[in-house]
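*Asks:* First residue of the sequence shown: 120, per the working numbering; consecutive thereafter.
Here a beta-carbon is modelled for each residue, glycine too, at the ideal position from N, C-alpha and C.
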Amino acid sequence: MKNASIIGLKEADCKKIAEKLNVLLANYSVFYQNTRGSHWNIKGDQFFTLHPKFEELYNSLVLKIDEIAERILTLGATPAHNYSDYLKVATIQESKEVSDGNKSVEQILNSFKVVLDLQRELLDITDEAGDEGTNSQMSDYITEQEKEVWMYNSYLGK
120 MKNASIIGLK
130 EADCKKIAEK
140 LNVLLANYSV
150 FYQNTRGSHW
160 NIKGDQFFTL
170 HPKFEELYNS
180 LVLKIDEIAE
190 RILTLGATPA
200 HNYSDYLKVA
210 TIQESKEVSD
220 GNKSVEQILN
230 SFKVVLDLQR
240 ELLDITDEAG
250 DEGTNSQMSD
260 YITEQEKEVW
270 MYNSYLGK
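1. If you draw a straight line from the alpha carbon of V268 to that of K139, how long is it in whole angstroms?
2. Taking 7 Å as the cut-off, is the beta-carbon of W269 closer than that to any non-hydrogen atom of the ligand ADP?
3. Count Cβ pairs between the stretch 169–181 and the stretch 211–231 that sit closer than 8 Å; are there 3 or more?
4. Tell me the rounded alpha-carbon separation between C133 and T262.
5. Contact criterion: CB-CB distance below 8 Å. Does Q226 meet it with respect to chain C?
6. Considering only the beta carbon of each residue, do Y205 and A137 sit closer than 8 Å?
7. If you run the structure through DSSP and keep just helix, strand and coil, what is D204?
8. Quick one: what's got a C-beta closer than 7 Å to Y151's C-beta in the same chain, skipping five residues either side?
9. Have a look at R155 and S273 and give me their C-alpha separation to the nearest angstrom.
10. Report the residue ranges of all alpha helix (DSSP H) runs contained in full by the stretch 123–178; include only those spanning at least 4 residues, in chain order.
11. Considering only residues of the same chain and omitting the five flanking positions on each side of N229, which have a CB-CB separation below 8 Å?
12. Taking the alpha carbon of T245 as the point to measure from, which residue in L194, K162, A199, E174 has its own alpha carbon closest?
13. If I measure Cβ to Cβ from K135 and keep anything under 8 Å in the same chain, skipping five residues before and after, which residues do I get?
14. Measure the C-alpha to C-alpha separation of H158 and E175 and round it to an integer number of angstroms.
15. Just to confirm, is the Cβ distance from N160 to V233 under 8 Å?
16. Buried or exposed for A131, going by 16 or more other Cβ atoms inside 10 Å?
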């Protein structure tokens, strides 16, 4: 954690934050792959609506995956990179149902719930540690994703 003192954080705080970020990274990676699977396999009368929406989402997720990994590196830790490791710590499970539009949207909403909860936990941890960089990143993600949740719920008529 050689970066900790340079960026003004305690090494122990950086370690704790990086560990939680690796859990978030694992969940984002599974979320990404599930969304990509829905994009590839969606069928039915909502294909032309959902196919591009899922692509938009997985493109957003892959950017966040990269940003989270880079933040872990900034904190002086190593981001996990194996799906086998991701599946051990991720709360989001691999999706088996990716061709039904409504089921895919429900899975997306469930995945948003998981990452939003983790990001809120990180807000608390990073606030206490004085880690404005990670805190700001999580806050930005939450703001964007709350709107996405509203939109996907609206699609389902909720």
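*Replies:* According to the structure data:
1. For the purposes of this step, residue 268 is taken as residue 149 along the sequence shown, with counting starting at 1. For the purposes of this step, residue 139 is taken as residue 20 along the sequence shown, with counting starting at 1. Taking the straight line from one Cα to the other gives about 23 Å.
2. Ligands displayed in this structure: none; no statement on the ligand ADP is therefore possible.
3. yes
4. As a first step, residue 133 must be located in the sequence shown, where it is residue number 14. As a first step, residue 262 must be located in the sequence shown, where it is residue number 143. Cα to Cα, the separation comes out at about 24 Å.
5. Considering every chain present, this structure includes no chain C. It has just one protein chain.
6. As a working note, residue 205 is residue 86 in the sequence shown. As a working note, residue 137 is residue 18 in the sequence shown. Taking 8 Å as the Cβ cut-off, Y205 and A137 do not qualify as a contacting pair.
7. As a first step, residue 204 must be located in the sequence shown, where it is residue number 85. In the structure shown, D204 sits in a helix (DSSP, three-state: H, G or I).
8. Taking the sequence shown and counting its residues from 1, one reaches residue 151 at position 32. Closer than 7 Å at the Cβ level, and outside the excluded window around Y151, lie Y177, L180, V181, I184.
9. Taking the first residue of the sequence shown as position 1, residue 155 is located at position 36. Taking the first residue of the sequence shown as position 1, residue 273 is located at position 154. Going from the Cα of R155 to the Cα of S273 covers about 21 Å.
10. 123–126, 130–160
11. Counted from its first residue, the sequence shown places residue 229 at position 110. For N229, where only same-chain residues beyond five positions count, the Cβ hits under 8 Å are I211.
12. As a first step, residue 245 is located in the sequence shown; it is residue number 126 there, counting from the start. The shortest Cα separation from T245 among L194, K162, A199, E174 belongs to L194.
13. Looking up residue 135 in the sequence shown gives position 16. The answer, listed in chain order, is I244, A248.
14. Within the sequence shown, residue 158 is the residue found at index 39, counting from 1. Within the sequence shown, residue 175 is the residue found at index 56, counting from 1. Cα to Cα, H158 sits roughly 10 Å from E175.
15. Start at 1 with the first residue of the sequence shown, and residue 160 comes out as number 41. Start at 1 with the first residue of the sequence shown, and residue 233 comes out as number 114. No, Cβ-Cβ distance for N160 and V233 is not below 8 Å.
16. Reading the sequence shown from its first residue, position 12 is the one you call residue 131. Exposed.
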